[in-house]
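Here the sequence shown is numbered in my numbering, starting from 22 and rising by one per residue.
Where is the CB? At the ideal position from N, CA and C, for every residue including glycine.
Small disclaimer: the values here were computed from a predicted structure and weren't measured.
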Amino acid sequence: MGSENPRPPPCQLQVHDDRGPAYPLFLLFQSLPLHVLCIKEDLLKREQDQPTEDGARLTSQGLASEERRAVLEAIKRFTIETPSWGYGDSGTRFKVFHWPGAARNLREKLADAALVHRLTGVCPRVAIHIPWDKEDDWAAVKSYAAELGVRIGAVNPNLFQDEEYRFGSLCHPDPAVRQRAVKHVLECIQIAREVDSDTISLWLADGTNYPGQDDLRARKRRLEETLTEIYAALAPGMRLLIEYKFFEPAFYHTDLADWGMAYTLARKLGPQARVLVDTGHHPQGTNLAHIVAFLLDEDMLGGFHFNDRRYADDDLIVGSQHPFELFLVFNELVAATTSQSQAPRIDYMIDQSHNIEPKIEAMLQSVLHIQSAYARALLVDRRRLAEAQAAGDVLGAYRVLRDAFETDVRPLLAQAREEMGLDPDPIAAFRRSGYAEEVARSRPASKSGASGYPGA
22 MGSENPRPPP
32 CQLQVHDDRG
42 PAYPLFLLFQ
52 SLPLHVLCIK
62 EDLLKREQDQ
72 PTEDGARLTS
82 QGLASEERRA
92 VLEAIKRFTI
102 ETPSWGYGDS
112 GTRFKVFHWP
122 GAARNLREKL
132 ADAALVHRLT
142 GVCPRVAIHI
152 PWDKEDDWAA
162 VKSYAAELGV
172 RIGAVNPNLF
182 QDEEYRFGSL
192 CHPDPAVRQR
202 AVKHVLECIQ
212 IAREVDSDTI
222 SLWLADGTNY
232 PGQDDLRARK
242 RRLEETLTEI
252 YAALAPGMRL
262 LIEYKFFEPA
272 FYHTDLADWG
282 MAYTLARKLG
292 PQARVLVDTG
302 HHPQGTNLAH
312 IVAFLLDEDM
322 LGGFHFNDRR
332 YADDDLIVGS
342 QHPFELFLVF
352 NELVAATTSQ
362 SQAPRIDYMI
372 DQSHNIEPKI
382 EAMLQSVLHI
392 QSAYARALLV
402 DRRRLAEAQA
412 AGDVLGAYRV
422 LRDAFETDVR
432 PLLAQAREEM
442 GLDPDPIAAF
452 RRSGYAEEVA
462 RSRPASKSGA
472 SGYPGA
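If you want it as structure tokens, here you go:
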């Protein structure tokens with residue numbers, strides 16, 4: 022029937038990502054049918070010189086000098102806590118693949134974390150996990166960390182690895198097991214006192230696998246009772262961050278399954294309790310930015326465990342799978358901190374187990390992704406966004422966010438690092454340093470088991 026549809030003119034669409042310059046896609050578009058919309062280049066291309074409406078804000082070519090200075094100072098003040106367990110070998114129930122030079126004990130983990138801090142300038146705290154990181158002399162640990170230029174951050178109790186915790190810890194039917202779990206958390210509070218940490222980060226694996234396995238309301242009451250005892254032991258100024266997760270290792274129900282349960286318990290406990298959001302602990306499709314906005318407005322957001330996922334709690338490098346989602350979370354955080362007279366205290370922590378990646382480089386990549394998301398959120402034109410929202414301009418408001426997200430912030434971050442006396446490219450600096458090769462020679466492979474974390 023007649024001649025073929027004529028092809029549209031080549032579209033000069035260019036795609037940008039965090040890896041390098043744009044690349045043309047006109048060859049791909051030549052194969053598309055006529056009805057496919059040819060997206061104009063200026064909708065996605067970020068390297069433009071044209072100013073926005075008020076002429077003050079510029080695109081990725083630059084910002085007005087006073088705004089650029091404010092953004093740079095915010096970037097330099099923003100700090101991230103890295104986890105001790107992210108520097109050692111870890112794995113799945115299938116296998117642990119040992120990485121040459123992976124940290125084998127707390128002192129080696131602190132040394133690696135200190136290197137990440139020296140390269141980035143923004144990671145002064147290291148979270149620890151007990152008993153994985155247990156030491157006999159915590160004063161010596163505190164002193165050693167200070168010598169390296171870091172300090173101990175959140176203390177994380179382990180309430181899932183002992184044989185006694187088969188049916189739970191703080192929610193266990195047996196009061197003796199519950200008291201064992203409480204005693205362990207109290208031990209962690211004492212450790213926090215000794216290392217000058219003011220944060221206990223609490224995640225429970227408690228739950229059931231089958232209907233009828235236990236009384237769900239009774240488990241809730243047990244949890245409230247044990248948390249009340251723990252809360253009473255907190256030092257003045259110490260915070261209890263309650264983390265939730267909707268499944269795994271329990272598969273029928275989890276006692277702390279979502280942010281609403283964590284919020285309710287934290288509210289009941291008192292002002293030293295807050296909710297901790299792990300970005301990998303939600304069902305598929307959950308709107309993280311909405312949860313963050315709600316908790317911010319209630320002054321109940323205590324901190325984050327950053328990671329990324331494709332399916333469940335995958336512990337992939339934060340920002341590697343869903344960078345726009347991460348940006349939207351930071352957009353809410355920046356909006357809240359700029360609209361309040363006193364910014365809430367929020368702990369920004371990474372919680373990742375690097376199974377196949379080089380440990381230190383994976384941590385550096387994670388820090389850079391978080392910094393990029395934060396920097397882009399700082400670039401959101403709040404006035405234009407508010408005007409578009411008030412006018413019901415749906416796509417106009419969306420484009421304000423998209424403009425900021427698609428801005429190449431690498432030059433801005435590089436400038437911030439140079440002003441801090443650092444190499445503008447931390448990963449390149451790490452690769453040049455020879456540190457990875459040195460620790461591979463000096464640290465023999467760990468003799469830990471083949472199915473997960475220390476003692477598993």
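| Check | Outcome |
| --- | --- |
| Test item: CB-CB of Leu180 and His205 under 8 Å | yes |
| Contacts around Gly124, its chain only, beta-carbon distance under 6 Å, and the 5 residues preceding and following it disregarded | In the sequence as displayed, the identity of residue 124 is Ala instead of Gly. Tyr108, Gly109, Lys130 and Asp133, listed in sequence order. |
| Beta carbon of Leu248 nearer than 8 Å to that of Tyr265 | no |
| CA-to-CA distance, Arg114 to Asp158, given in whole angstroms | 32 Å |
| CA nearest to the CA of Val388, picked from Glu94, Gly174, Pro104 and Glu88 | Pro104 |
| Same chain only: Cβ atoms within 7 Å of Glu269, ignoring 5 sequence neighbours per side | Ala333 and Asp334 |
| Rounded distance between the beta-carbons of Ala148 and Ala167, thought under 8 Å | That belief does not hold up - the Cβ atoms of Ala167 and Ala148 are roughly 16 Å apart, past 8 Å. |
| Nearest-angstrom Cα separation, counted from Gly417 out to Ile367 | 30 Å |
| Alpha helix (DSSP H) segment containing Asn376, residue limits | Counting along the chain, Asn376 falls outside any alpha helix (DSSP H), and DSSP gives it neither H nor E. |
| Collapsed DSSP secondary structure at Met384 in the structure displayed | helix |
| Reduced DSSP secondary structure (H/G/I, E/B, other) of Pro196 | helix |
| Nearest-angstrom Cα separation, counted from Ala95 out to Val415 | 29 Å |
| Per DSSP, cross-strand counterpart(s) of Ala148 | Pro104 |
| Cross-strand partners of Val176 (DSSP beta bridge) | Ile149 and Ile221 |
| Alpha-carbon to alpha-carbon, Arg288 and Arg404 | 34 Å |
| Beta strand (DSSP E) runs wholly inside the segment 246 to 300, at least 3 long, in chain order | 260 to 264 and 294 to 299 |
| Ala396 versus Thr220: straight-line alpha-carbon distance, rounded | 26 Å |
| Inter-residue spacing [alpha-carbon to alpha-carbon] between Asp235 and Phe426 | 47 Å |
| Residue range of the unbroken beta strand (DSSP E) whose run includes Leu322 | Leu322 to Phe327 |
| Alpha helix (DSSP H) segment containing Lys163, residue limits | Trp159 to Leu169 |
| Contact under 8 Å by Cβ, Leu237 with Trp280 | no |
| Closest by C-alpha distance to His326, when choosing among Asp154, Ser222, Ser463 and Ala357 | Ser222 |
| Whole-angstrom C-beta distance between Gln293 and Tyr252, which should lie under 8 Å | 7 Å |
| Beta carbon of Leu400 nearer than 8 Å to that of Val92 | yes |
| Leu406 and Val421 closer than 8 Å at C-beta | yes |
| Nearest-angstrom Cβ-Cβ length linking Asn376 and Gly112, presumed shorter than 8 Å | 5 Å |
| Where Tyr231 sits in the DSSP three-state scheme | coil |
| Inter-residue Cα distance where the pair is Arg428 and Ala226 | Note that residue 428 corresponds to Thr in the displayed sequence, not to Arg. Their backbone Cα atoms lie some 40 Å apart in a straight line. |
| DSSP state of Val117 mapped onto helix, strand, coil | strand |
| Neighbourhood of Leu347 by C-beta, 6 Å cutoff - its chain only, sequence neighbours within 5 removed | Gly340 and Ala394 |
| C-alpha distance - Leu207 paired with Asp424, whole-angstrom precision | 48 Å |
| Residue range of the unbroken alpha helix (DSSP H) whose run includes Gly417 | Val415 to Phe426 |
| Pairwise C-alpha distance: Glu250 and Asp446 | 47 Å |
| Whether Leu322 touches Arg330 by CB criterion (8 Å) | no |
| Own chain residues within Cβ distance below 8 Å of Val355, not counting five before or after | Tyr395, Ala398, Leu399 and Val401 |
| Where Asn230 falls, given that 16 or more other Cβ within 10 Å makes a residue buried | exposed |
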